[in-house]
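The sequence shown runs 1 to 270 under full-length UniProt numbering.
Below: the structure, in structure tokens.
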Amino acid sequence: MSTSSESRRRVRTYEPTRTWGALSAQVGHVRVAARGLTGEQWKWPSGLPGWDVRLLVVHIERQVEAMGAALDAEQPPAGAKAVGLDTWALSTAGIAEQLDASTRAEEARTADPLTALDEAARQLATREAEATRGDRLVPSPFGPMRASDFLVTRLVELVVHSDDLARATGLDVGFDRHALAGAVRVLADALAAKAPGNSVEVRVPPYAAVQCVAGPRHTRGTPPNVVETDPRTWLRLSTGRTTFADEVDAARVSASGERADLTPYLPVLG
Numbered sequence: 001m002s003t004s005s006e007s008r009r010r011v012r013t014y015e016p017t018r019t020w021g022a023l024s025a026q027v028g029h030v031r032v033a034a035r036g037l038t039g040e041q042w043k044w045p046s047g048l049p050g051w052d053v054r055l056l057v058v059h060i061e062r063q064v065e066a067m068g069a070a071l072d073a074e075q076p077p078a079g080a081k082a083v084g085l086d087t088w089a090l091s092t093a094g095i096a097e098q099l100d101a102s103t104r105a106e107e108a109r110t111a112d113p114l115t116a117l118d119e120a121a122r123q124l125a126t127r128e129a130e131a132t133r134g135d136r137l138v139p140s141p142f143g144p145m146r147a148s149d150f151l152v153t154r155l156v157e158l159v160v161h162s163d164d165l166a167r168a169t170g171l172d173v174g175f176d177r178h179a180l181a182g183a184v185r186v187l188a189d190a191l192a193a194k195a196p197g198n199s200v201e202v203r204v205p206p207y208a209a210v211q212c213v214a215g216p217r218h219t220r221g222t223p224p225n226v227v228e229t230d231p232r233t234w235l236r237l238s239t240g241r242t243t244f245a246d247e248v249d250a251a252r253v254s255a256s257g258e259r260a261d262l263t264p265y266l267p268v269l270g
């Protein structure tokens, strides 16, 4: 990465083979957890507006199969400019209604979400060589992406929805360490892109620390505005599952300094 603070903030690289391994591991954790669902739990609210757990699991299955679908779709023209992870993260809210409609349509066609999830995982396992390529472009709703970057987006989706599933059902959904780290970093970097600046340092130990929000820049020692939280709380904050004020009140977020209120900049992923 570049040595400038702006480049460090905006350009983080993800090693494709490690991303693949983390995604595969997280898919496995979700499959194990989903097999533990009881009949009634499928009907429980997922925590996402208007969705029950069945819809959530169908949506997870769609995220697993999305990598193969992108590789199989008509490819962008050679030389097309690729959009990055920040653009993806900050744009997803704009297709929320489309995602809701397509998930409901898929759910209506799905007889058994567990079987569908198992098949999606089986198909994904055959695509490693293509999915980890940084020199191949695939389509996304926001423009061409490198296949290896699109793979990272699948990792973020799986981690976020793994947490949704755990919260909705009380199931012990496992989290691959590298998967959780990758999701936290993508969402932290997206915050820094949404609110550029150096007056606030956001820390999510042990995975990420970024500077954001316009204002006076500190030059040494502890910055005057610091926000710190744990990885799972950061997932929920950055995706709108909870609010900054609620998490400060619950002592899951510590915030010091007059600019340390991140409410205007959250969520970063819709």
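All C-beta atoms, glycine included, are put in the ideal place defined by N, C-alpha and C.
_Considering only their Cβ atoms, is the gap separating ALA89 from VAL227 smaller than 8 Å?_
Position 227 of the sequence shown, counted from the first residue, corresponds to residue 227. Position 89 of the sequence shown, counted from the first residue, corresponds to residue 89. No, they are not a contact pair.
*asked:* Among ALA166, ALA193, SER238 and PRO264, whose alpha-carbon lies nearest the alpha-carbon of VAL156?
replied: Position 156 of the sequence shown, counting from 1, holds the residue named residue 156. Comparing Cα-Cα distances from VAL156 to each of ALA166, ALA193, SER238 and PRO264, the minimum goes to SER238.
*Thinking C-beta only, is LEU117 closer than 8 Å to ASP61?*
In the sequence shown, the residue the question calls residue 61 occupies position 61. In the sequence shown, the residue the question calls residue 117 occupies position 117. Looking at the sequence provided, one finds Glu at residue 61 rather than Asp. The answer is yes: Cβ separation under 8 Å.
*Pull up the distance between the alpha-carbon of GLN41 and that of GLY50, whole angstroms please.*
For the purposes of this step, residue 41 is identified with residue 41 of the sequence shown, where counting begins at 1. For the purposes of this step, residue 50 is identified with residue 50 of the sequence shown, where counting begins at 1. Between GLN41 and GLY50, the C-alpha separation is close to 15 Å.
*Could you check what DSSP says for ALA93 in three-state terms: helix, strand or coil?*
For the purposes of this step, residue 93 is taken as residue 93 along the sequence shown, with counting starting at 1. Helix.
*With 16 other Cβ atoms within 10 Å as the buried cut-off, status of SER254*: Taking the first residue of the sequence shown as 1, we reach residue 254 at position 254. Answer is exposed; the Cβ neighbour count stays below 16.
*Which one of HIS59, ASP86, ALA195 and GLY21 has the shortest CA to CA distance from VAL160?*
On the sequence shown, position 160 is the one that residue 160 refers to. Out of HIS59, ASP86, ALA195 and GLY21, HIS59 has the C-alpha closest to the C-alpha of VAL160.
*Burial state of PRO141, where buried means 16 or more other Cβ atoms lie within 10 Å*: Along the sequence shown, read from residue 1 onward, the residue named residue 141 stands at position 141. Exposed, because fewer than 16 other Cβ atoms sit within 10 Å of the Cβ of PRO141.
*Whole-number beta carbon distance between ASN225 and GLY197, since they are thought to touch under 8 Å*: By one-based count along the sequence shown, residue 197 stands at place 197. By one-based count along the sequence shown, residue 225 stands at place 225. Between ASN225 and GLY197 the Cβ distance is about 10 Å, and since that is not below 8 Å, they are no contact.
*With a floor of 3 residues, list each beta strand (DSSP E) that falls wholly inside the UniProt domain "Bacterial SCP orthologue" (176–268), ordered by position along the chain.*
200–204, 208–212, 226–229 and 253–256
*Option nearest LEU124 by Cα separation, candidates GLU97, ARG232, ALA193 and VAL27*: Working through the sequence shown from its first residue, we reach residue 124 at position 124. Among GLU97, ARG232, ALA193 and VAL27, the Cα nearest to that of LEU124 is on VAL27.
*Give the DSSP-derived three-state secondary structure of LEU137 in the structure shown.*
Here residue 137 refers to the residue found at position 137 of the sequence shown. Strand.
*Boundaries (first-last residue) of the alpha helix (DSSP H) holding GLU65*: Indexing the sequence shown from 1 puts residue 65 at position 65. From DSSP, the alpha helix (DSSP H) with GLU65 extends over 53–72.
*Which residue from GLU201, ARG177, VAL200 and ARG203 puts its Cα closest to that of THR19?*
Here residue 19 refers to the residue found at position 19 when the sequence shown is read from its first residue. Measuring from the Cα of THR19, the nearest candidate turns out to be ARG177.
*In whole angstroms, what separates the C-alpha of ARG8 from that of TYR14?*
Your numbering for residue 8 matches position 8 in the sequence shown. Your numbering for residue 14 matches position 14 in the sequence shown. Its pLDDT being 46, under 50, ARG8 is placed unreliably in this model, and the value from its coordinates should be taken loosely. Distance between the alpha carbons of ARG8 and TYR14: 13 Å.
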